[in-house]
Amino acid sequence: MPAQEIYAIGTRPPVGEVPPLMHAQVVRAERFGRPADAFQVEQVRVPSLKPNEVLVCVMAAGINYNNVWAALGQPLNVVDLHKREDPSEDFHIGGSDASGLVYGVGGEVNNVQVGDAVVVHAGYWDASDPHIKAGGDPALSTSMKVWGYETNWGSFAQFCKVQDHQCLPKPANLTWEQSAAYMLVGATAYRMLNGWPEHAVRPNDVVLIWGAAGGLGSLAIQITKHLGGIPVAVVSSDERGEYCRRLGARGYINRTQFTHWGLPPDFDDAAAYGAWFQGVRGFGRALWDALGERRNPRIVFEHTGQDTIPTSIFVCDNGGMVVTCAGTTGYAGVVDVRYLWMRQKRFQGSHLNNDAQAAAVNDLVAQGKIDPAVGAVYPFEAIGQSHQMMLDNTAPSGKMVHLVGAAREGLRE
Ligand SMILES: NC(=O)c1ccc[n+]([C@@H]2O[C@H](COP(=O)([O-])OP(=O)(O)OC[C@H]3O[C@@H](n4cnc5c(N)ncnc54)[C@H](OP(=O)(O)O)[C@@H]3O)[C@@H](O)[C@H]2O)c1
Numbered sequence: 006m007p008a009q010e011i012y013a014i015g016t017r018p019p020v021g022e023v024p025p026l027m028h029a030q031v032v033r034a035e036r037f038g039r040p041a042d043a044f045q046v047e048q049v050r051v052p053s054l055k056p057n058e059v060l061v062c063v064m065a066a067g068i069n070y071n072n073v074w075a076a077l078g079q080p081l082n083v084v085d086l087h088k089r090e091d092p093s094e095d096f097h098i099g100g101s102d103a104s105g106l107v108y109g110v111g112g113e114v115n116n117v118q119v120g121d122a123v124v125v126h127a128g129y130w131d132a133s134d135p136h137i138k139a140g141g142d143p144a145l146s147t148s149m150k151v152w153g154y155e156t157n158w159g160s161f162a163q164f165c166k167v168q169d170h171q172c173l174p175k176p177a178n179l180t181w182e183q184s185a186a187y188m189l190v191g192a193t194a195y196r197m198l199n200g201w202p203e204h205a206v207r208p209n210d211v212v213l214i215w216g217a218a219g220g221l222g223s224l225a226i227q228i229t230k231h232l233g234g235i236p237v238a239v240v241s242s243d244e245r246g247e248y249c250r251r252l253g254a255r256g257y258i259n260r261t262q263f264t265h266w267g268l269p270p271d272f273d274d275a276a277a278y279g280a281w282f283q284g285v286r287g288f289g290r291a292l293w294d295a296l297g298e299r300r301n302p303r304i305v306f307e308h309t310g311q312d313t314i315p316t317s318i319f320v321c322d323n324g325g326m327v328v329t330c331a332g333t334t335g336y337a338g339v340v341d342v343r344y345l346w347m348r349q350k351r352f353q354g355s356h357l358n359n360d361a362q363a364a365a366v367n368d369l370v371a372q373g374k375i376d377p378a379v380g381a382v383y384p385f386e387a388i389g390q391s392h393q394m395m396l397d398n399t400a401p402s403g404k405m406v407h408l409v410g411a412a413r414e415g416l417r418e
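Numbering follows my numbering, in which position 290 of the sequence shown is assigned residue number 295; successive positions increment by one, without gaps.
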């Protein structure tokens, strides 16, 4: 038992000594709405462990868009999800990226021990699921959940609770804040770009990346380059475009020069459809300009959804793939199926990662082949504000990270 019941942010008890209480950024159903208000610091109990679980003392926590959704209470009421698991959990502690030190392990855990420095991936599943036991991809299991979004006890607290297989060794060359930045978006992007046979990125493939200066995008640019592809970025400012170039994009398209977004007009409305068609063709020409040659993308990296899917399907090369993991601007991703069958394009969904995909990304970062793309580091207290910036699309390029147990930036362990 440690000397204190609760420790100040930026401090922690001796390794392995677990206090009864901790500070956490908590979302409650009655605060659903603006992320800046939905997150509030509260004192809560430190969670207890099941046999396959690990307690991690969080040193730094990365921000992801999923907890914008959690704060809004849309499209899922995450507090209701947690209450179904345990009626006493009428709150949400989010956070799907963490770096930290192992402070406790359940009885069946044998891949990490107390004192290990780890990073955590967000794939959470029931290992007894027959699909997984039969060797199936856990990311396709019906039991798969996003840790720190669909599960409670995420990284926006002094201690988080994870399944053993989620823990990977923290790259020794990185600081705590760098280690908390890349995993969720990196492993998601890795699966999208390398996890769908026939359409894994090959050398010289053109890959169009929406939201390329954001979290997913900044890792997707680098993973595409690593696989030998040619990333072309879509962004909403030249400043973001230059950031993407520095990460390895061949060029960028500034989407604010176009207006044809959203659901396409009815085919029968010749004038409106003609104007829309001019828009997507103009976007295609801008893509060739950014690339420097008249080639269409074999892969389109989507997550923006309703506003952009018709354009993605149009510009994708014959036999290519539009791969998506989200619908940030809306869920009605309207597809003109003529392009799918006549041009034999593929529209593929993708969600998170399995253990192997997370490990592959961790290795690339540890080897210095991929930069964690930290855009800004903030204090623990500002977690609501960074989610608000994400929602308002005013966040800095790259990833936002918050210090929790780490007393200041630049520390390694
Ligand atoms: N299923 C999964 O496994 C998974 C994993 C990770 C993330 N996601 C989801 O993927 C989405 C993006 O996540 P993220 O971490 O990359 O978020 P992010 O860092 O906020 O980046 C999103 C980017 O989208 C672009 N954008 C915003 N509005 C747009 C519009 N109307 N049209 C085109 N682009 C627009 C913005 O770039 P510009 O304004 O510069 O164009 C922004 O940088 C979120 O919905 C998130 O929940 C899903």
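Ideal Cβ positions, reconstructed from N, Cα and C, are used throughout, including at glycine.
With a threshold of 6 Å, the Cβ atom of Leu173 does not count as near ligand 1, since no heavy atom of the ligand is closer than that.
Your pair Trp158 and Glu307 does not check out as a contact, with CB atoms roughly 31 Å apart and the cut at 8 Å. Fewer than three Cβ pairs drawn from the region 338-354 and the region 178-195 lie within less than 8 Å of each other, which leaves the two stretches out of contact.
The way I'd put it, the region 66-74 doesn't touch the region 106-124; fewer than three beta-carbon pairs between them come closer than 8 Å.
In the DSSP annotation of this structure, Glu307 is not part of any alpha helix (DSSP H); the continuous beta strand (DSSP E) holding it starts and ends at 304-307.
Between the C-alpha atoms of Ala65 and Arg351 there is a straight-line separation of about 38 Å.
When Cβ pairs closer than 8 Å are counted between the two stretches, the region 234-247 is seen not to touch the region 263-279, the count staying below three. Counted as a single uninterrupted DSSP element, the beta strand (DSSP E) harbouring Ile214 occupies residues 211-214. The region 60-124 is shown to contain whole beta strand (DSSP E) runs of 3 or more residues at 103-110, in chain order. Excluding its 5 nearest sequence neighbours in each direction, His126 has C-beta neighbours in its own chain below 6 Å: Gln171, Met188, Ala192, Ala363, listed in chain order. Within the model, the alpha-carbon separation for Ile98 versus Ser160 is close to 8 Å. In the DSSP assignment, Arg290 falls within the alpha helix (DSSP H) that extends over 275-296. Boundaries for Gly380: no alpha helix (DSSP H) harbours it, while the beta strand (DSSP E) harbouring it runs 379-384, taken from the DSSP string.
With contact defined as three or more Cβ pairs closer than 8 Å, the region 370-385 and the region 218-237 are in contact. Put simply, of Asn69, His204, Pro80 the residue whose alpha carbon is nearest the alpha carbon of Gly100 is Asn69. When DSSP states are grouped into helix, strand and coil, Lys404 belongs to the strand group. Annotated three-state conformation of His204 is coil, per DSSP. For Arg245, the Cβ falls inside the 6 Å cut-off from some heavy atom of ligand 1.
Here the alpha carbon of Met149 sits roughly 19 Å from the alpha carbon of Ala103. In the three-state scheme derived from DSSP, where H, G and I count as helix and E and B as strand, Glu58 is classed as strand.
Taking the Cβ atoms as the reference, Gly284 lies roughly 7 Å from Thr264, within the contact range of under 8 Å. Selection Ala144, Leu213, Gly410 evaluated against Ala132 yields Ala144 as nearest (Cα-Cα).
For the alpha helix (DSSP H) assignment, the uninterrupted runs of no fewer than 4 residues enclosed by the region 326-377 are, from N- to C-terminal side, 342-347, 360-371.
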